[in-house]
Amino acid sequence: MSATAVMAHLPALAVVVPLMTAPLTVLVNRPALVWRLATLSCLLTFAVAVGLLARVLELGPFVYEIGGWAAPWGIEYRIDAFNAYVVLVVTGVSAVAMPFARRSVEREVERDRAYLLYCAWMLALTGLVGIAVTGDLFNVFVFLEISSLATYVLVSMGRGRAAPLAALRYLVVGTVGATFFLIGVGLLYEMTGSLNMADLAARIPPIADSRVVHAGFVFIVLGLALKAALFPLHAWLPGAYGAAPSAVTAFLAGTATKVAIYALLRVVFTVFGARFAFGTMAFDVLLVPLALAGILVASAVAVFQQDLKRMLAYSSVAQIGYMLLGAGLVSEAGLTGGIVHMFNHALAKTALFLALGCIAYRVGTVTVASMAGLGRRMPWTMAAFVLGGLSLVGVPLTAGFVSKWYLVQAALERDLWWVAAIVLFASVLALIYTGRVAEAAYFRPAVPGGLPDRAREAPLSMLVPVWLLVGLNFYFGIDAALSAGVAGEAARGLLGGVS
Amino acid sequence: MEHHLVLRVAAKLLIPPILLFALYVQFHGDFGPGGGFQAGVIFGAGCILYGVVFGVDNLQRVVPAGVVRVLSAAGVLLYAGVGVWSLLSGGNYLDYGVLAADRVHGQHLGIMLVELGVGTTVSAVMIGLFYGFTSLRP
Amino acid sequence: MLELLALHYNYLAVVVLMMTGLYVVIANGNLVKKVIGLNIFQTSVFILYISFGKRLGGTAPILSPDFELYSNPLPHVLILTAIVVGVATTALALALVIRIHRGYGTLEEDEIERIEAEEQGGAG
Chain A
7 MSATAVMAHL
17 PALAVVVPLM
27 TAPLTVLVNR
37 PALVWRLATL
47 SCLLTFAVAV
57 GLLARVLELG
67 PFVYEIGGWA
77 APWGIEYRID
87 AFNAYVVLVV
97 TGVSAVAMPF
107 ARRSVEREVE
117 RDRAYLLYCA
127 WMLALTGLVG
137 IAVTGDLFNV
147 FVFLEISSLA
157 TYVLVSMGRG
167 RAAPLAALRY
177 LVVGTVGATF
187 FLIGVGLLYE
197 MTGSLNMADL
207 AARIPPIADS
217 RVVHAGFVFI
227 VLGLALKAAL
237 FPLHAWLPGA
247 YGAAPSAVTA
257 FLAGTATKVA
267 IYALLRVVFT
277 VFGARFAFGT
287 MAFDVLLVPL
297 ALAGILVASA
307 VAVFQQDLKR
317 MLAYSSVAQI
327 GYMLLGAGLV
337 SEAGLTGGIV
347 HMFNHALAKT
357 ALFLALGCIA
367 YRVGTVTVAS
377 MAGLGRRMPW
387 TMAAFVLGGL
397 SLVGVPLTAG
407 FVSKWYLVQA
417 ALERDLWWVA
427 AIVLFASVLA
437 LIYTGRVAEA
447 AYFRPAVPGG
457 LPDRAREAPL
467 SMLVPVWLLV
477 GLNFYFGIDA
487 ALSAGVAGEA
497 ARGLLGGVS
Chain B
14 MEHHLVLRVA
24 AKLLIPPILL
34 FALYVQFHGD
44 FGPGGGFQAG
54 VIFGAGCILY
64 GVVFGVDNLQ
74 RVVPAGVVRV
84 LSAAGVLLYA
94 GVGVWSLLSG
104 GNYLDYGVLA
114 ADRVHGQHLG
124 IMLVELGVGT
134 TVSAVMIGLF
144 YGFTSLRP
Chain C
618 MLELLALHYN
628 YLAVVVLMMT
638 GLYVVIANGN
648 LVKKVIGLNI
658 FQTSVFILYI
668 SFGKRLGGTA
678 PILSPDFELY
688 SNPLPHVLIL
698 TAIVVGVATT
708 ALALALVIRI
718 HRGYGTLEED
728 EIERIEAEEQ
738 GGAG
């Protein structure tokens, strides 16, 4: 096939590459070889994602018909700036976390089960990319369940007896969420006779007063909000992130909830349209207070966590609040802020979780108490953690600053100064909880016998991914032309002619 | 189950038709109701019935756990592979029409192979689940 | 009202099953029963979709000159996928339940929470 032919098939390849890798990992079944295969596949998928984004930016949105069947009868993959951006984030996080995973998984997962972890990882990647590229609502459900089932398996492979319990809790909530989504899709199909997003967008406005459509909207939004861990539907998240193997947590923190938020925004803005969602259904009246409550409560809870994985997990709940706050403000600046925060938060949180993975690799436990004196023993890891934390706080020159800048601007645009105040106040809370770790690592003396002898600097194969992400945090904090530019494009695409 | 004579005789009578019926559902799937999912489940159920009545060890001799693992992966690979084949033949992903000289024949071929992949994986996964749960010691 | 319910008794069954399932998932402390509740909940959606596809007096969607009214096959195909997903979810859930039972020696949620609380109390 020629290069142009490959370019035309990129949307399918983004899903097919990880999908085909998954059974191959089972057939190969040798940990080292499987990891190489998975890494290669992650890098290849990332390259596909880069190609997709370049093509979208060059040619504008385009459509790929699976099996050659035209929509609305067939399934189409519809690529625009928004989902090309999301695919880039998902595959990018996976491509960075996978090289890291080898040493981490060796330590945390039994050798004869490691290949299953990589298989589930590839399936989760398949599902997440699939949700992002598809233009068919039922296809979203199928990919949602592929990624969810794989994610439950990944979480259950963590150490200790708490891992299967956390996975089961996640499974129950996730299944209820996905089933709600399914009910909503069914109601919409019954009213319109279509499952294609673009087709639905044209068919819903004439029947927007129907109570069935209203119910469908509520079911779909509720289901996806459960998946996205929108406060107060977040209870599954800290347990799942806390129990999963370190590399998996880093992968999930950067991808899973982001994709659910993508699906939520896609349904709300593209399928139902901003006028219906925020006019008829007054979704922002619910969304903005919940997002703000999530930002405040989850940040406050994070301050009091002893387990650092759980601390960062609660911080993730708060960051999800930022992303959805941007959507709730229903303006170009707000949406840009929310979408660019998906990107920036993926950079910051994955870096932090990977740094925790390094610490777990050397020290074993990751509590605030076990950090004492670690600044001297693992200088590079702790420095990366602190710099990643600064990006999470939103210090100028870091990526986190860019998204908060947009959000504050969007809030002030609509004279919601108290929203801006809450965003800034929560940054102080983020400073407190990341500061606690830095304080313990640098200023508390090591407890004699507290750190095991093997607590020295993490191996290079783990440090390089961490520092790559930390570097990107600063790069996109200084030059946000790419990250915020594409996010702005995506926001304009979502708002369409409404604004 | 050694002493359940009725069960053993009945199972011996039932299992061959069940497996045959699975194949019928599998290969009739592209003309009428049927297909890989259903065929795979029926085939898997036939094997599991054998395992329940005559013991898992005997079933393991017919379909070893390693074979089940390979088959469950091979089915997915066949499915995705057909898609890649259609890509290489110049069509879109999973466009069966380009697989043969005329489109109708290509559609038949494509759907048959894809359903074969689905059937293989589903039956292998069913048996694999059975092995997984029966190998647990309380 | 009564007539409406009588004509759409399948939707009534959907609502009853859905609420039963959700109630069991939320209110029951036993993990196996939670999984069963989840199954009942999913089953209600299966019936919902199958009801969507049915046309009164319609026949199976195999083209024939003898019939004019056909049921819609698409919801049935969709829900077949959802049923398969449901089976996979149940299998995974039961596998997890077995591992939880091995770890904690019980499947009652309040007992597990008590064990977890003791563990954290001992550690902290």
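Chains A, B and C, in that order, are what the protein sequence lines are. The opening position of the first sequence corresponds to residue 7 in the numbering used here, with each subsequent residue numbered one higher. The opening position of the second sequence corresponds to residue 14 in the numbering used here, with each subsequent residue numbered one higher. The opening position of the third sequence corresponds to residue 618 in the numbering used here, with each subsequent residue numbered one higher. Quick reminder that beta carbons are idealized off the backbone N, C-alpha and C, glycines included.
Taking all protein chains shown into account, decide if residue i is buried (16 or more other Cβ within 10 angstroms of its Cβ) or exposed.
i                 : result
TRP473 of chain A : buried
PHE56 of chain B  : buried
PRO78 of chain A  : buried
TYR121 of chain A : buried
GLY674 of chain C : exposed
LYS25 of chain B  : exposed
ALA405 of chain A : buried
ARG3 of chain A   : Absent from the model: residue 3 of chain A. The displayed extent of chain A is 7 to 505, so no value can be given.
SER505 of chain A : Because SER505 of chain A carries a pLDDT of 36, less than 50, the predicted location of this residue cannot be relied on, and the following value inherits that uncertainty. Classification for SER505 of chain A: exposed.
GLU116 of chain A : exposed
LEU797 of chain C : Nothing in the structure corresponds to residue 797 of chain C, since chain C is present only between 618 and 741.
ASN514 of chain A : Past the edges of chain A, shown from 7 to 505, lies residue 514 of chain A, and the structure says nothing about it.
ILE643 of chain C : exposed
ARG217 of chain A : exposed
GLY741 of chain C : Low confidence applies to GLY741 of chain C: its pLDDT is 43, below 50, so where it sits in the model is not reliable enough to give any reading.
GLY722 of chain C : exposed
LEU609 of chain C : Residue 609 of chain C cannot be examined here, being either before or after the span of chain C that is shown, 618 to 741.
MET384 of chain A : buried
PRO29 of chain A  : buried
MET139 of chain B : buried
MET635 of chain C : buried
PHE391 of chain A : buried
ILE326 of chain A : buried
SER148 of chain B : exposed
Between which two residues does the beta strand (DSSP E) carrying residue i extend?
i                : result
ARG84 of chain A : 82 to 85
TYR70 of chain A : 68 to 71
Would you kindly report the start and end of the unbroken alpha helix (DSSP H) that includes residue i?
i                 : result
GLN179 of chain B : The question about residue 179 of chain B has no answer here: the residues shown for chain B are numbered 14 through 151.
ASN35 of chain A  : Unbroken run through ASN35 of chain A: none, as it is neither H nor E.
PHE223 of chain A : 217 to 234
THR723 of chain C : Segment: none, THR723 of chain C is in no alpha helix (DSSP H) and carries neither H nor E.
ILE213 of chain A : ILE213 of chain A -> no alpha helix (DSSP H), and no H or E assigned at all.
VAL265 of chain A : 252 to 271
ASN145 of chain A : 143 to 162
MET2 of chain A   : The displayed coordinates of chain A run from 7 to 505. Any statement about residue 2 of chain A would go beyond what the structure contains.
GLY499 of chain A : 487 to 501
ASN71 of chain B  : 69 to 75
LEU624 of chain C : 619 to 624
PRO244 of chain A : 242 to 249
PHE391 of chain A : 385 to 399
ASN202 of chain A : Taken as a continuous stretch (DSSP letters only), ASN202 of chain A belongs to no alpha helix (DSSP H), as it is neither H nor E.
PRO30 of chain B  : 18 to 41
May I ask you to list, following chain order, the residues of the region 160 to 181 of chain A that have a beta carbon less than 7 Å from some beta carbon of chain C?
Answer set for the region 160 to 181 of chain A: SER162, ARG167, PRO170, LEU171, ALA173, LEU174, LEU177, VAL178 and THR181.
Going along the region 658 to 674 of chain C in order, which residues come within less than 8 Å of chain A, judged by CB to CB distance?
Legend: CB atoms of the region 658 to 674 of chain C lying less than 8 Å from CB atoms of chain A belong to residues PHE658, GLN659, VAL662, LEU665, TYR666 and PHE669.
Pick out the complete alpha helix (DSSP H) segments inside the region 642 to 690 of chain C, 4 residues or longer, and give them in chain order.
List check, alpha helix (DSSP H) in window: 648 to 670.
If the cut-off is 8 Å on Cβ atoms, which residues from the region 706 to 737 of chain C count as contacting chain F, listed in chain order?
Note that chain F does not occur in the displayed structure, where the protein chains are A, B and C.
Listed in chain order, which residues of the region 47 to 63 of chain B have Cβ atoms closer than 7 Å to some Cβ of chain C?
Under the 7 Å Cβ criterion, the region 47 to 63 of chain B contributes PHE50.
Mind listing, in chain order, the continuous beta strand (DSSP E) runs of no fewer than 3 residues lying wholly within the region 297 to 350 of chain A?
Contiguous beta strand (DSSP E) elements confined to the region 297 to 350 of chain A do not occur, taking only those with 3 or more residues.
Using a Cβ-Cβ cutoff of 7 Å, what residues of the region 639 to 659 of chain C are near chain A? List them in chain order.
So the list reads VAL642, LEU648, LYS651, LEU655, PHE658 and GLN659, given in the order they occur along the chain.
Could you tell me whether the region 32 to 40 of chain A touches the region 51 to 67 of chain A, using the rule of 3 or more Cβ pairs below 8 Å?
No: the two stretches stay apart, fewer than three of their Cβ pairs being nearer than 8 Å.
By the 9 Å beta-carbon criterion, what residues does the region 692 to 705 of chain C contribute toward chain A?
Taking 9 Å as the upper bound on Cβ-Cβ separation, chain A lies near residues PRO692, LEU695, ILE696, THR698, ALA699, VAL702, GLY703 and ALA705 of the region 692 to 705 of chain C.
Are the region 429 to 439 of chain A and the region 306 to 313 of chain A in contact at 8 Å, needing three or more beta carbon pairs?
A contact exists between the region 429 to 439 of chain A and the region 306 to 313 of chain A.
Taking 8 Å as the threshold, find out whether the region 78 to 91 of chain A comes into contact with the region 120 to 127 of chain B through three or more Cβ pairs.
Counting Cβ pairs under 8 Å, fewer than three are found: no touch.
Are the region 457 to 468 of chain A and the region 373 to 391 of chain A touching, with three or more C-beta to C-beta distances below 8 Å?
Judged by Cβ distances under 8 Å, the region 457 to 468 of chain A makes contact with the region 373 to 391 of chain A, as three or more pairs qualify.
Using a beta-carbon distance cut-off of less than 8 Å, what residues from the region 118 to 145 of chain A approach chain C?
Cβ contacts with chain C come from PHE144.
Does the region 414 to 430 of chain A come close enough to the region 325 to 341 of chain A to have 3 or more Cβ pairs within less than 8 Å?
With a cut-off of 8 Å, the region 325 to 341 of chain A and the region 414 to 430 of chain A count as touching, because enough Cβ pairs lie within range.
May I ask you to verify whether the region 161 to 177 of chain A touches the region 236 to 255 of chain A, counting CB pairs closer than 8 Å and requiring at least 3?
Contact between the region 161 to 177 of chain A and the region 236 to 255 of chain A is present, because at least three Cβ pairs lie under 8 Å.
Would you check if the region 50 to 60 of chain A and the region 144 to 161 of chain A touch, i.e. whether three or more CB-CB distances between them fall below 8 Å?
Not touching, per the Cβ criterion.
Considering only residues of the region 401 to 430 of chain A, which uninterrupted beta strand (DSSP E) runs meet the minimum length of 3 residues and lie entirely inside it, listed in chain order?
The region 401 to 430 of chain A contains no whole beta strand (DSSP E) run of 3 or more residues.
Are the region 652 to 667 of chain C and the region 173 to 186 of chain A in contact at 8 Å, needing three or more beta carbon pairs?
Yes, they touch.
Going along the chain, which residues of the region 90 to 118 of chain B sit with their C-beta nearer than 9 Å to a C-beta in chain C?
Those residues of the region 90 to 118 of chain B placed with their C-beta closer than 9 Å to a C-beta in chain C do not exist.
Residues of the region 68 to 90 of chain A in Cβ contact with chain C at a cutoff of 8 Å, in chain order, please.
Flagged: no residues at all.
How about the region 235 to 246 of chain A and the region 195 to 214 of chain A: do they share at least three Cβ pairs that are nearer than 8 Å?
Contact between the region 235 to 246 of chain A and the region 195 to 214 of chain A is absent, because fewer than three Cβ pairs lie under 8 Å.
Taking three-plus beta-carbon pairs below 8 Å as touching, is the region 618 to 629 of chain C in contact with the region 63 to 76 of chain B?
Between the region 618 to 629 of chain C and the region 63 to 76 of chain B there are fewer than three C-beta pairs closer than 8 Å, too few to call the two in contact.
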